[in-house]
Each structure stands twice: as C-alpha cells, then as structure tokens.
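Below: the structure, in structure tokens.
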Amino acid sequence: MNRVIILIAYIAAIACIPFSAAYPVAYEASTLHNSVSRSETVTNLFFERWDKIQEKESYLDWYGKINWVNDFKISTVDAAGVKRTIPMELVRTYGSITINYPVIGGYEGADWNERLSGKRKKETAEEEAGTGAFGLWRPKNLIAGFTASGFHYGLTRSEKINRGAAGSETVTDYKYTQFFDDIFALSLLYLPYFYVHGGVIVNNQIEPNSDGTMSYTDSSNLKFRYFMASNLLSFFNLNTTTSQSELESFELGIEVNKAAALFIHRIHPAVPQLTITAKKLNLFNDEPYDAIWVESAAGKSDTMPDTAKERAALYTLSFLVRENLLNYVFIDLCAELQKPSKTLVDKRTSRELHFAALRETYVSISYNFLGNRANDGYLLCLSGGISRFWDPAIPVHRKKGTGYYLHGGFGSLSLSAPFGGIEAKGIYNYAPELRKLVETADKFAVEGSVYISL
Amino acid sequence: MKARTIYKACVCILAVSLLTSMSACSYMMDAIEGAITDRSSFSIHAEYSVGNVYISWDETDSGEEFAGYEIYITEEPDDEYSGYDIVASRYFKNGSPSLKYSTTDHYSAAKPESGGLYFYRVGIIHWNEKNAAKRPWDWDSSESYYNGNTSIGKISGYAMVEIP
C-alpha cells in the first residue's frame, strides 16, 4: 500500500511541474555576478534541504521559498536620458524537488505518520545496541535519489496601474540581469554508513527584454560546475565544488557527537550537538564585481584581461552548536573564523585590508508551542536570532556607517506537520542572509516558504 | 510481472521524464513569483501616426475568465516610472466595444495632449468569478459588475512612443 501511495505521489509531483517555460541597461551588483559565491549559496540551500529530508526520511520532498527585499535604490538612466535613482525590489526564489527510491529495503515506521514524524529514528533497541560495524546500527536500506533545486535572483520594478472606476493594481517588470542557479544531483544513501550526492550546478544569466518581459531561453552567460558531497559513518563530511578547470571549494566537516558515539556507547540526548567545518573557497578573483584586489592594486583595473587577474582563497573554520531542550526550545549558536590566502587590497582605499578573524557569528532560539506533540512531528515555532557579519563588500553596500561588519537579526513563525509546513520570516542584516548576498545590507527582507514532504 | 518490477519500471520512466522535460526549479519558482506579482509576460507594439497611437499585440486569451482588454499610458511624459492611467476599455469613458472580444489584436488611441515620450501597456482582464454560470444574469452588460469584479490577468511589457 505504501508503494502505491509513493507512486501516486510521484505522478502528482510530476504533473505539477511546468513542461515548458511559462513566460517567454545594467545594474552591476557585486555578489550577484560572483558565480562562485552563488554556487556556494545554492549548494548550502541544497544541504539544508537534505538535512530535513534525511531527518524525515522522505520519499518525495517539494520546497519553495520566495524572498523580497525592498528599497533597492538603483541609479539608472531613463528613456529620456536623465540619470535618476529608482526604487526597485530584489526578488529571490528557491525551489527544490527530491525523489528518493528504496533500491533495497525501505524506510521503516509503522505507518506514514510515524515515519514522517521522525520519532522512530535512532530509538529502536537495535539502533541503541549498535549491532552493526563501528558500533552503528545495521543498515536496512539503500536509497537512490534525484534532486533538482534552484535559486533565482533578480531585480524587478513595481508599477501602479490606475484602471479608473475598476480601481488600481500593481504589476511588475524584470529589470537588469536575472540569475538562475540550478543543481541537478543524484544521491545514494546507505545509512548510517555513508551517503553521497553528486551533480552539476548550472549558473545561468538572462538579460530581460527592454520592455520588462523576459524569455527563459535568452541566456547571456551559461556556466557549469560540478559538486560532490559525502558523509562517512554519519559524522565525517566531505564536500567539493569544481569548475571545468579547477577546484573552487573544498569543505571538511566533523559532527563531533556522532564521532564520539563511535567510542562512547551512548551520549545523552541533552548534550549539545557540535559540528566543526573547515572550508577553502576561491572567492576573490580580481573581477570587476569584487570589493578587493588580490595582492596589489597596482596596474589593475576593471577592464584588465583575464590572464592578468590574480586569485585568492578564503579559508574558514566554523563551529556550530545545536541544542534541543525537551522539544520546546531549540538553540543554534555559530561562529566562523576566516583567513585569506593572500594579501587583499580594498578597492576603495587601495590599501591592504586586514581581515577580521571572526567572519560570522549568530545565535538563534526557537520556542515550540507544540512541544508536547513534537514527537508526532508537529511544531509551531516562534523564532528569533541576532548576528554579526564581516565582509569586505559591506562598506560598499551599507546605507549608514563605514565599518566592515553589520549586526542584524530575524524573526519568524513556522508551522510543521508530518506531511508539510509553512514559514513566514522577517530579516534585517542577519548574517546567514548577508553571506548569501551582501547587497541586502541595511535592507529589510520578507520571506515565505512552504514544503510538502512524503 | 511482480508489483515491485512494475513499480521500478514506472519510477524509471517517471525519473527519465522528469530529467528530460522539467523546467529547472529556479525557473518554476520564478514563474510562481511572477504570477503572484503580475509580472509583464508578453510584448506589444505601439507607434504614432497622424494624431493617433496604434497599439497591436499577438497575445490572445479565449478562456471563460476573459473579460476584455484594457489600454494604459504613463501618467507623465518622459517618465517611464510615473505609473499608468487607463486609456481605453470596454466601458472607460464612452467605451471601446472591440476591446471586449478576445480576437481583438489592436487598438488606435487618440494621442496625448502634450508631446514627449509615452509608454503604453495592454492588460488582459479576467473576471474574478471564473465560472460564467455563477455570475449575475447581466454580467456581460453591467459596467458596475465589470468594475467591481475584474482584475488584471496578464499584463504586457511597455512600448515607447514619441509624440510630437
């Protein structure tokens, strides 16, 4: 019966997917044009979603998120040739669909509600006893999966239309380059021993038509990258992203509690979970959109040939602590240290930039009003967080002040059930959002998301 | 054939279909956001000729929810960001009956009083109640019902015209 439901769910999901594009000047924002940074963003979103998928052991997962950032004041030249500052909106949308298939065995649980609630996982006597190799429980299934996920960034302009006696309405136009970054990945999971995701990242840029419309087929810059993400023995993560010619990012992570569990039979669930991640990201490439020059500003310009460009990497080391207090309170605490591989020079001052050791730090806390039903997969969470973020591009994009760091925060309300959930969020200078796109500095963003997980 | 074999075959076929035919998710979500915010989705052509502005389009809509076309012009000359006012609809001012028909693909509007650069758009108007049987008996002839129960279903991009 379960398999029939799975099949119906697959067909329903595919029926919802548009089989062709639905819709048939230059704002040179920095991070938007940095496809290395954008690839990091879309892969991080991919990992975030897969954490949920593994937690819920989903066969089918669909997730959608829309984020609007208002108050983007853009200097532009209008049709009459006059230079003006026009308010626009930055639109960011993220979508993801994952289909998992049990090649061997299948996820367990007495019924769908029990499996999706997550309360069964790692609680069986066999799992606690650790009867498999390395003290882990004996695997019972091999899961193969396919994921398509993507992130769209772009500016739009709202126009008010007065329909006379029929009232007024607002419509929107595409403005300037639109960015589409997509991941197509295959996955293989043999838990708790390993999982591996591998796939292609497609970075696409599309120039809208001069009348504000756009065709998805009018690509102006298309690049491919490849990524692989793996986990061994539930605690060791290894992630890489490569362009067609070089390794662009390399990440090693240790989930400390799970590693310790290999030697200590049982760690009390109240002990906070610690994840340590080291990363190398080839972030600085002497591109016009970068806020810094590599090594020196001498003889460099935004029109210099690619052969003269120098490159530098950013090394980071992050510590993430997660705590669940009786299913009522959830706390995340993160700190990320940084060090560039070479001397970097601020383009605004042509002086060497001394990178702060602390790149990002944040703390978030959620209160679950349905703590007594969390074991059934129901959560109603009111969340908030504060943060501090350092980036060389912040002085370029901030509205007030001159420093390289910003404090910020977010507030959100989310409702989760075994089969899906929704969330509404307000964000201002929150570090995890600024690192996705530093142009959102000093701008308020609203975000809505929804998911279905079966 | 075992149920498991059939199931596996179905999943393989569906997976291949998914891989080959689906639009990537960034495009799907952009299309959803565009639908929410009424993104301009088709192009029009506009040109000035002897005291009139001739506007034409290829987009058609023959669905049951189609209520007519509306023509809009920027409120101010030389300002594409000034907002838009209605120029013509099936009822606006004395009404333009041709704009109630889905087969209409052009409209000729009187030129604005002052010269300069103007921008035109075409709106495809939809009835809020998609099922015609649920609308009042005079829905197709009542101006007040049209004004109170329609919205922009699709909006064109803008076309610039220089008025001498």
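Going line by line, the protein sequences match chains X and Z.
Position in the first sequence (from 1) plus 298 gives the number in my numbering.
Position in the second sequence (from 1) plus 547 gives the number in my numbering.
By construction, the Cβ of each residue, glycine as well, lies at the ideal position given by its N, Cα and C atoms.
Just to make sure I have the definition right: I need the residues of chain Z whose C-beta is within less than 7 Å of the C-beta of residue i. Which are they?
i                      : result
alanine 377 (chain X)  : Glu627, Leu664 and Met707
tyrosine 524 (chain X) : Here the premise fails: no neighbours, minimum Cβ distance about 16 Å.
Counting only Cβ pairs nearer than 8 Å, list the residues of chain Z close to residue i.
i                        : result
aspartate 479 (chain X)  : Ser573
glycine 510 (chain X)    : Ser587, Gly704 and Tyr705
asparagine 507 (chain X) : Ser590 and Gly704
Just to check my reading of the structure: residue i and residue j have Cβ atoms closer than 8 Å, yes? What is that Cβ distance to the nearest angstrom?
i                        : j                           : result
alanine 655 (chain X)    : isoleucine 692 (chain X)    : Actually they do not touch by this definition, with Cβ atoms about 16 Å apart.
aspartate 588 (chain X)  : lysine 598 (chain X)        : With a Cβ gap of about 11 Å, aspartate 588 (chain X) and lysine 598 (chain X) do not count as contacting.
serine 337 (chain X)     : isoleucine 499 (chain X)    : 5 Å
leucine 651 (chain X)    : isoleucine 590 (chain X)    : 6 Å
isoleucine 620 (chain Z) : tyrosine 665 (chain Z)      : 6 Å
alanine 715 (chain X)    : glycine 669 (chain X)       : About 15 Å; that fails the 8 Å criterion.
leucine 646 (chain Z)    : glycine 610 (chain Z)       : No, leucine 646 (chain Z) and glycine 610 (chain Z) are not in contact; Cβ-Cβ is about 16 Å, not under 8 Å.
leucine 343 (chain X)    : phenylalanine 449 (chain X) : 6 Å
lysine 734 (chain X)     : threonine 341 (chain X)     : Contact flag wrong, Cβ pair sits at about 12 Å.
isoleucine 633 (chain Z) : glycine 462 (chain X)       : 5 Å
glycine 510 (chain X)    : tyrosine 705 (chain Z)      : 6 Å
threonine 454 (chain X)  : threonine 470 (chain X)     : 5 Å
methionine 512 (chain X) : tyrosine 451 (chain X)      : Incorrect: roughly 13 Å between the Cβ atoms, too far for contact.
alanine 464 (chain X)    : valine 401 (chain X)        : About 57 Å; that fails the 8 Å criterion.
lysine 701 (chain Z)     : phenylalanine 613 (chain Z) : So it is not a contact: roughly 10 Å between Cβ atoms.
At a CB-CB cut-off below 8 Å, which residues of chain X make contact with residue i?
i                       : result
leucine 699 (chain Z)   : Going by the sequence as given, residue 699 (chain Z) is isoleucine instead of leucine. Ordered by position in chain X, the residues that pass the 8 Å Cβ test against isoleucine 699 (chain Z) are Ile459, Arg461, Glu467 and Val469.
aspartate 685 (chain Z) : By Cβ distance, chain X contributes nothing, its closest Cβ being about 17 Å from aspartate 685 (chain Z), past 8 Å.
Kindly list, in the order they appear in chain X, the residues whose Cβ is closer than 7 Å to that of residue i.
i                       : result
aspartate 577 (chain Z) : Thr391 and His450
Bridge partners of residue i, per DSSP?
i                        : result
valine 744 (chain X)     : X:Trp366 and X:Gly724
glutamate 658 (chain X)  : X:Glu634 and X:Phe687
tyrosine 674 (chain Z)   : It should be pointed out that residue 674 (chain Z) corresponds to tryptophan in this sequence rather than to tyrosine. Beta-bridge pairing links tryptophan 674 (chain Z) to Z:Thr697.
threonine 391 (chain X)  : X:Ile364 and X:His450
isoleucine 618 (chain Z) : Z:Ala635 and Z:Val669
isoleucine 552 (chain X) : X:Phe534 and X:Ile574
asparagine 502 (chain X) : X:Phe478 and X:Leu520
alanine 591 (chain X)    : The displayed chain sequence assigns tryptophan, not alanine, to residue 591 (chain X). BP columns for tryptophan 591 (chain X) point to X:Val643.
tyrosine 595 (chain Z)   : Z:Val600
methionine 707 (chain Z) : Z:Phe666
Does the beta-carbon of residue i, which I'm using as the reference point, lie nearer than 7 Å to any heavy atom of the ligand HEM?
i                     : result
leucine 668 (chain X) : The ligand content of the structure shown is nil, which means the ligand HEM is not present either.
Would residue i count as contacting chain C if we go by Cβ distances under 8 Å?
i                    : result
lysine 438 (chain X) : The chain labelled as chain C is not found among the protein chains of the depicted structure, namely X and Z.
- request: Check each residue of the region 715-730 of chain X: if its Cβ is closer than 9 Å to any Cβ of chain Z, include it; give the result in chain order.
  value: none
message: If the cut-off is 9 Å on Cβ atoms, which residues from the region 664-680 of chain Z count as contacting chain X, listed in chain order?
response: Leu664, Phe666, Arg668, Gly670 and Ile672
- prompt: Between the region 629-652 of chain Z and chain X, which residues of the former have CB atoms less than 7 Å from a CB of the latter, in chain order?
  reply: Gly630, Tyr631, Asp632, Ile633 and Phe639
task: Output, in sequence order along the chain, the residues in the region 437-471 of chain X whose CB is closer than 8 Å to any CB in chain Z.
output: Phe444, Ala446, Ser447, Gly448, Phe449, His450, Gly452, Thr454, Arg455, Ser456, Glu457, Lys458, Ile459, Asn460, Arg461, Gly462, Ala463, Ala464, Gly465, Glu467, Thr468, Val469, Thr470 and Asp471
- prompt: What residues from the region 579-594 of chain Z come within 9 Å of chain X, judged by C-beta to C-beta, listed N to C?
  reply: Ile579, Glu580, Gly581, Ala582, Ile583, Thr584, Asp585, Arg586, Ser587, Ser588, Phe589, Ser590 and Ile591
- prompt: Taking one C-beta from the region 653-663 of chain X and one from the region 626-640 of chain X each time, how about it: are there three or more such pairs within less than 8 Å?
  reply: yes
message: Can you confirm whether the region 623-632 of chain Z touches the region 671-683 of chain Z when touching is taken to mean that 3 or more C-beta pairs between the two stretches lie within less than 8 Å?
response: no
- request: Could you name the residues of the region 351-375 of chain X whose beta carbon sits closer than 8 Å to any beta carbon of chain Z, in the order they occur along the chain?
  value: Gly362, Lys363 and Ile364
- prompt: Quick one: any contact between the region 604-623 of chain X and the region 573-580 of chain X, if contact means 3 or more CB pairs under 8 Å?
  reply: yes
query: Along the region 553-573 of chain X, what residues have a CB closer than 8 Å to any CB found in chain Z?
result: none
Selection of the region 383-395 of chain X by Cβ proximity to chain Z, strictly under 7 Å: Ile384, Val389, Thr391, Tyr392, Gly393, Ser394 and Ile395
query: Between the region 611-625 of chain Z and chain X, which residues of the former have CB atoms less than 7 Å from a CB of the latter, in chain order?
result: Glu617, Tyr619 and Asp625
message: To be precise: take each residue of the region 596-612 of chain Z, compare its Cβ to all Cβ atoms of chain X, and keep it if any distance is under 8 Å. Which residues remain?
response: none
query: When the Cβ atoms of the region 476-491 of chain X are set against those of the region 679-692 of chain Z, are three or more pairs found closer than 8 Å?
result: no
Contact between the region 684-703 of chain X and the region 742-749 of chain X (3+ Cβ pairs under 8 Å): no
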